[in-house]
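So the sequence lines, in the order shown, correspond to chains P and Y.
Quick note: the first sequence, position 39, residue 39 per the working numbering, numbers continuous.
Quick note: the second sequence, position 96, residue 1096 per the working numbering, numbers continuous.
Positions of the beta carbon are idealized from the N, C-alpha and C atoms, including for glycine.
Being a predicted model, the structure only gives us computed values, none of them experimental.
Just below is one structure, and these are the notes that go with it.
There are 2 protein chains.
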Amino acid sequence: MIINIIIKTAIMVINKAQDIFRNYLRGKGLRNTRQREVILDAFFFADKHITVEELFNAIKVKHPEIGFATVHRNVGLLCECGLADEIKIGNKKTRYEPKYEQRHHDHLICLKCGEFTEVKDEKIERLQDKLAEANNFAPVRHKLEIYGLCKKCR
Amino acid sequence: MIINIIIKTAIMVINKAQDIFRNYLRGKGLRNTRQREVILDAFFFADKHITVEELFNAIKVKHPEIGFATVHRNVGLLCECGLADEIKIGNKKTRYEPKYEQRHHDHLICLKCGEFTEVKDEKIERLQDKLAEANNFAPVRHKLEIYGLCKKCR
DNA sequence: CTCTTAATGATAAAGATTATCATTATCTAA
DNA sequence: TTAGATAATGATAATCTTTATCATTAAGAG
């Protein structure tokens, strides 16, 4: 059954993420906790582009004892260890998305309806690295956001 | 004298910006005020990448009667009419820079010392437009930030 | 000059993130 | 396995930035 494959894949992704997280914590002399496991699971199961508040509310259903500050702190840690990306647009709430396998992408953001689409262009990526090198700059990561009107709103 | 030419150019830039601002206000049925002129002047004379607070403090010296909210509101207006660009990095304060002639550029941001360098690559710009079009998206503007280590920190 | 109403300035409110701190729980090492 | 050092948690306060409120002032059209 397709659905079983999807579930298995999801579990594999989360297991791998848990490993990455645990290694990161270990390396920094930090401790793994039940809360951290719950938060990571919920974050990877949740919709893309979630806010801390939405994540907190999702977690609250099954784990009402986990506090908002804890969720907030740990989303920050997930960003630090490369398992989450931060998306900040205008003055709206900061959103976060899970990152599997360091897979990177850019965003098209509609100025009218606010929808974002994920895109990627290898050629642009390479030119960005060249541009950085030309300036004696060692690139680590980048953020490209193109604002405009989406298919529906244009 | 070189210095006179520089001063003359600066005055020309500000005059042009004042024109653009006044036209924008007129078109929206808004009013020009003494405060707006002072804020625009100070913004274009100030260092690049200034925060609202820094701009407010700079203005306060000569114009202690101008309030923080007024400065804040008007920096927003300058962004709206295309005379300012907003730069938001991590959880640091939002910074603004004057924009002459709609000249656009991207940023290299050092993860260690926080310095930013301005860069531009026409080829990347064109590819971005193509990427947007391929997704049936009408691009208006974009933001590209490359994070890494600068010449001094690498 | 008058009148309409936008803008201002002072302050409060809102919204998001970070800090505080007593308590709990993890994890190392004996 | 247990004890002990200390990191993490949870509740809340504090902070920081931006936005809203509202009485007063002043821009600008007629």
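- Going by DSSP, K120/P is part of no beta strand (DSSP E) at all; its letter is neither H nor E.
- Distance between N1136/Y and D121/P, taken at the CA atoms: about 15 Å.
- Below the 8 Å Cβ cutoff, chain Y contributes L1127 as neighbours of K123/P, in chain order.
- Using a 10 angstroms sphere on the CB of N1074/Y, the tally of other CB atoms reaches 16 or more, which defines it as buried.
- In the DSSP assignment, K1143/Y forms a beta bridge with E145/P.
- Residues of the stretch 126 to 147 of chain P that bring their beta carbon within less than 7 Å of a beta carbon in chain Y comprise L127, Q128, L131, A132, N135, N136, F137, A138, P139, V140, R141, H142, K143, L144, E145, I146, Y147, in sequence order.
- Burial check for K143/P: the Cβ neighbour count within 10 Å reaches 16 or more, so the residue is buried.
- Each residue's CA atom was taken as its position, placing L1040/Y and I1006/Y some 19 Å apart.
- Assigned with DSSP and collapsed to three states, F137/P falls in coil, not helix or strand.
- Judged by DSSP secondary structure, E53/P falls outside any beta strand (DSSP E) and instead within the alpha helix (DSSP H) spanning 52 to 62.
- In the DSSP assignment, E37/P falls within the unbroken alpha helix (DSSP H) covering 34 to 45.
- Residue-level contact check: R1095/Y does not touch chain P, since none of the beta carbons of chain P fall below 9 Å from its beta carbon.
- Residue V140/P holds the alpha-carbon nearest to the alpha-carbon of K1112/Y among V140/P, G67/P, E115/P.
- No Cβ-Cβ contact shorter than 9 Å links L1127/Y with E1118/Y.
- The C-alpha of I1003/Y is placed about 24 Å away from the C-alpha of D1019/Y.
- With contact defined as three or more Cβ pairs closer than 8 Å, the stretch 1056 to 1074 of chain Y and the stretch 1086 to 1096 of chain Y are not in contact.
- Using a 10 angstroms sphere on the CB of F1045/Y, the tally of other CB atoms stays under 16, which defines it as exposed.
- With respect to G114/P, I89/P sits close: the two C-beta atoms are nearer than 9 Å.
- Taking the beta carbon of C113/P as reference, no residue of chain Y falls within 7 Å; the closest one sits roughly 12 Å away.
- Setting aside the 5 residues that flank it on each side, A1084/Y is surrounded in the same chain by F1043, V1075, L1078, Y1096, E1097, P1098, K1099, each with a C-beta closer than 8 Å to its C-beta; the list follows chain order.
- Using beta-carbon distances, R1073/Y does not count as an interface residue toward chain P, since no partner is under 9 Å.
- Scanning C153/P, H105/P, E133/P, C150/P for the CA closest to the CA of G1148/Y turns up E133/P.
- For chain Y, none of the residues of the stretch 23 to 39 of chain P brings a beta carbon within less than 8 Å of one of its beta carbons.
- C-alpha of R1036/Y to C-alpha of K1062/Y: approximately 14 Å in a straight line.
- Using beta-carbon distances, C1110/Y counts as an interface residue toward chain P, with a partner under 9 Å.
- Nearest to L1025/Y by C-alpha distance, out of G1082/Y, D1047/Y, K1060/Y, is G1082/Y.
- The shortest C-alpha to C-alpha distance from K48/P to any of R34/P, I11/P, F116/P is the one to F116/P.
- V52/P and K151/P have their C-alpha atoms spaced approximately 29 Å apart.
- Straight-line spacing of the CA atoms in K16/P and H1104/Y works out to 41 Å.
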